[in-house]
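The opening position of the sequence shown corresponds to residue 5 in this note's numbering, with each subsequent residue numbered one higher.
A short worksheet on the structure shown next.
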Amino acid sequence: MKRMFARSLSARTITVFGLAMLALLAAMPVSAQEIAHTQFFPILARTSGAGGTQWVSDLTVHNVEEADLEVGIQFLEADQANIFNPSFPDRFPIAAGETLLIEDALNELFGYDTNIKGALVVTVSNQLLGAGTNPENAEILATTRTYNTGDPAGTFGQTVPAIGRVINAAPTKSIVTGAVNSTRFRSNLGAMNMTFIDTLRVYYRVLDGAGGVVAEGMKTLLPASVSQWSFQSLGVPKQNGPLTVEMWMHPDDVLADPCAANFPTMFIGYVSKVDGNPDGTGDAEFIYAAPEDPYDCDSYR
């Protein structure tokens with residue numbers, strides 16, 4: 005089961021959300037973790053996987069402020085067109101200096117049972133939650149861990165932090181390396197449509213260690229949604245050695261000045277690599293794709 009929220013959104017509300025997201029994304033630094041008013045995680049899961057794996061996700065939130073905060077959360081289900089609700093009706097409190105570990109977050113926070121995955125937005129921004137909800141300029145630190153519980157020897161998983169500088173709003177490529185699709189390891193390619201109100205076309209090209217193309221194509225991402233594909237489904241043959249993936253937006257979808265738009269066209273790419281194809285530990289790695297030109301409004305002015 006899951007809780008559903010339906011609410012009509014005014015143009016002004018949508019614009020406020022767009023401006024808040026622009027301010028967030030343009031200011032994010034490069035780091036393993038980030039302190040910010042809004043944090044975006046491209047993938048959480050509560051689902052079964054290949055090779056008998058069972059995946060769940062934990063969310064950890066730390067309040068860096070000296071005041072209690074109200075935290076807004078919103079889950080965006082994978083592989084469907086989502087309607088983003090910028091009022092964040094789902095919320096929870098966090099005390100000053102407190103660190104919360106929310107295990108199996110999709111079940112604990114949203115009531116999902118199984119076979120679900122998607123992206124998560126976490127915020128303490130008054131622009132989104134309402135004036136006076138939190139102290140001005142309040143920020144949090146958050147991270148997620150998605151892991152396999154299907155092995156009796158223990159859990160094996162991947163930490164997925166929120167990193168704004170992996171967002172690509174440019175006509176140039178995002179590149180991710182370290183993927184493997186062999187008899188031991190399998191990999192998945194993922195992409196999150198950060199456009200929120202429209203579809204987005206993203207090309208991909210998978211390269212072997214010598215730079216040869218082993219698979220290529222285009223995927224259409226639904227609004228405010230993440231999708232993930234196994235390398236096998238993309239036509240990548242099993243082979244030893246490392247693989248690199250290049251990703252870029254369709255030229256007709258790229259905006260000349262994304263910072264001038266409330267909802268710029270942009271995406272996040274990543275690879276999830278798992279030990280087990282199908283036999284292995286089920287241990288996983290999460291690797292963000294690095295944009296050649298990271299999203300930075302100063303570079304467009």
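For every residue, glycine included, the Cβ atom is placed at its ideal position computed from N, Cα and C.
Please read these numbers as outputs of a predicted model, since none were measured by experiment.
If you keep only unbroken beta strand (DSSP E) runs of at least 3 residues inside the stretch 43–103, you get 58–67, 73–81 and 94–98. Cβ contact annotation for Glu81 (same chain, cutoff 6 Å, sequence separation greater than five): Gly122, in chain order. By the criterion of at least three beta-carbon pairs nearer than 8 Å, the stretch 234–246 is not in contact with the stretch 140–159.
The C-alpha of Gln131 is placed about 20 Å away from the C-alpha of Glu70.
Leaving aside the five residues that flank Val75 on each side, the residues in its chain whose CB is nearer than 8 Å to its CB run, in chain order, Val65, Arg95, Phe96, Pro97, Ile98, Val126, Thr127, Val128 and Ile144. Inter-segment contact for the stretch 190–209 and the stretch 224–242 is present: three or more beta-carbon pairs are separated by less than 8 Å. Proximity of the stretch 247–261 to the stretch 155–169 falls short of the contact definition, fewer than three beta-carbon pairs being nearer than 8 Å. The beta strand (DSSP E) runs of length 3 or more contained entirely in the stretch 186–243 are, from start to end of the chain, 189–197, 204–211, 217–225 and 230–234. Here Ser237 is exposed, its C-beta having fewer than 16 other C-beta atoms within 10 Å. Taking each of Ala265, Asn172 and Ser186 in turn and checking the Cα distance to Asp279, the smallest one comes out for Ser186. A straight-line Cα-Cα distance of about 15 Å links Ala228 and Gln43. For Val170, the secondary structure class from DSSP, reduced to helix, strand or coil, is helix.
Contact between the stretch 286–293 and the stretch 197–205 is absent: fewer than 3 CB-CB pairs across the two stretches fall below 8 Å.
The beta carbon of Gly182 sits closer than 6 Å to the beta carbons of Ile291 from its chain, once the five residues preceding and following it are set aside; these are given in chain order. In the three-state reduction of the DSSP assignment, Glu107 falls in the coil class, being assigned neither a helical nor a strand state. For Leu259, the three-state secondary structure derived from DSSP is coil. In the DSSP assignment, Asn152 falls within the unbroken beta strand (DSSP E) covering Ile144 to Asn152.
If you compare the alpha carbons of Asp257, Val275 and Gly273 with that of Phe267, the shortest gap goes to Asp257.
Contact between Ala173 and Tyr299 holds: CB atoms are separated by about 5 Å, below the 8 Å threshold.
Where Gln162 is concerned, the enclosing beta strand (DSSP E) starts and stops at Phe160 to Pro165. With respect to the 7 Å criterion, Pro46 and Ile272 are classified as neighbours on the basis of their beta carbons. Membership of Asn130 in the alpha helix (DSSP H) is indicated by the continuous run Asn130 to Leu133. One Cα belongs to Arg205, the other to Met222, and the distance between them is close to 7 Å.
Taking the CA atoms as reference points, Glu112 sits about 7 Å from Ile106. Ranked by Cα distance from Pro295, the options Ile120, Thr150, Arg50 and Ile179 are led by Ile179. Within the DSSP bridge table, the entry for Lys177 names no partner.
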